[in-house]
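A.B. asks: The structure follows.
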């Protein structure tokens, strides 16, 4: 079965992004539609600034206080699925960078070399973005009562628990390969690696709650699914 197509067809990859878009649009409207007219009609009776929140189709707009508007924004507090995805995907991306770094000296194919360059150019910044996310949203310490507490906290995720990861033996074989043999093995391992990343992104979209993580996961699905098709055509 074409894993990329299967995952893209799942409800987790369609409904969740729609929730993200709707929530973001709602929050944006609430934040940007603060009334600033000179006639004072946009202020509550006590003189405080109010916020106009457009209603749904067929419904009237509502006038909210800043406090009410803040409560109306969606709660996207990170949960265990969000923390797990970011921690694991950092290690997953790092292995892709390790594999891609072998291509310039070992590949006999210019398309394979360019593919490795694209992977490096895309995933290195993504690692940085995920590390920044973790610094802003550290996993809760064990004993806090949070279900995500203690999950891989302070430890690198187990490579064997992540789909698509190459084994040490496979990495050794790739390092030793040259020319056409390297190209064939690189495309095989990297295709499986990308399929694993898409699987992990699907799990995050299905179980996560944080909007930033959803955005990162959607980006992984889009870019790596396209590269999967490209690698299959090259192989």
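Numbering (my numbering), first residue to last: 12 to 246. Here a beta-carbon is modelled for each residue, glycine too, at the ideal position from N, C-alpha and C.
If I'm right that residue 87 touches residue 229 with Cβ under 8 Å, what's the distance once you round it to whole angstroms?
C.D. replies: Position 76 of the chain shown holds residue 87. Position 218 of the chain shown holds residue 229. Not a contact, Cβ separation roughly 14 Å.
A.B. asks: Flag this pair as touching only if the stretch 102-111 and the stretch 129-146 have three or more C-beta atom pairs under 8 Å; answer yes or no.
C.D. replies: Touching, yes, given that three or more Cβ pairs across the two stretches are closer than 8 Å.
A.B. asks: Quick one: measure Cβ to Cβ for residue 150 and residue 94, integer angstroms, because I've assumed they're closer than 8 Å.
C.D. replies: Residue 150 sits at position 139 when you count from the first residue of the chain shown. Residue 94 sits at position 83 when you count from the first residue of the chain shown. So it is a contact: roughly 5 Å between Cβ atoms.
A.B. asks: Would you give the residue range spanned by the alpha helix (DSSP H) that residue 132 belongs to?
C.D. replies: The sequence position of residue 132 within the chain shown is 121, counting from 1. Residue 132 -> alpha helix (DSSP H) spans 121-147.
A.B. asks: CB-CB under 7 Å to residue 111, same chain, minus the five flanking residues each way: which ones, in chain order?
C.D. replies: Taking the first residue of the chain shown as 1, we reach residue 111 at position 100. The answer, listed in chain order, is 127, 130, 131.
A.B. asks: Considering only the alpha carbon of each residue, which of 234, 222, 125, 215 lies closest to residue 197?
C.D. replies: Counting from one through the chain shown, the residue named residue 197 turns up at place 186. Looking at the Cα atoms, 125 is the closest of the given residues.
A.B. asks: Quick check: the stretch 180-194 against the stretch 207-223, are at least 3 beta-carbon pairs closer than 8 Å?
C.D. replies: Taking 8 Å as the limit for Cβ pairs, the verdict is that the stretch 180-194 does not touch the stretch 207-223.
A.B. asks: For residue 203, I'd like the list of residues in its chain whose CB is within less than 8 Å of its CB, leaving aside the five on either flank, ordered along the chain.
C.D. replies: Counting from one through the chain shown, the residue named residue 203 turns up at place 192. Contacts found: 175, 177.
A.B. asks: Less than 7 Å between C-beta atoms, sequence neighbours within five positions excluded: which residues of the same chain meet that for residue 188?
C.D. replies: Within the chain shown, the letter at position 177 stands for residue 188. Here the set comprises 117, 196.
A.B. asks: Would a C-beta distance cut-off of 8 Å place residue 242 and residue 211 closer than the cut-off?
C.D. replies: Stepping through the chain shown from its first residue, residue 242 is reached at position 231. Stepping through the chain shown from its first residue, residue 211 is reached at position 200. Residue 211 sits away from residue 242, with the two beta carbons spaced by 8 Å or more.
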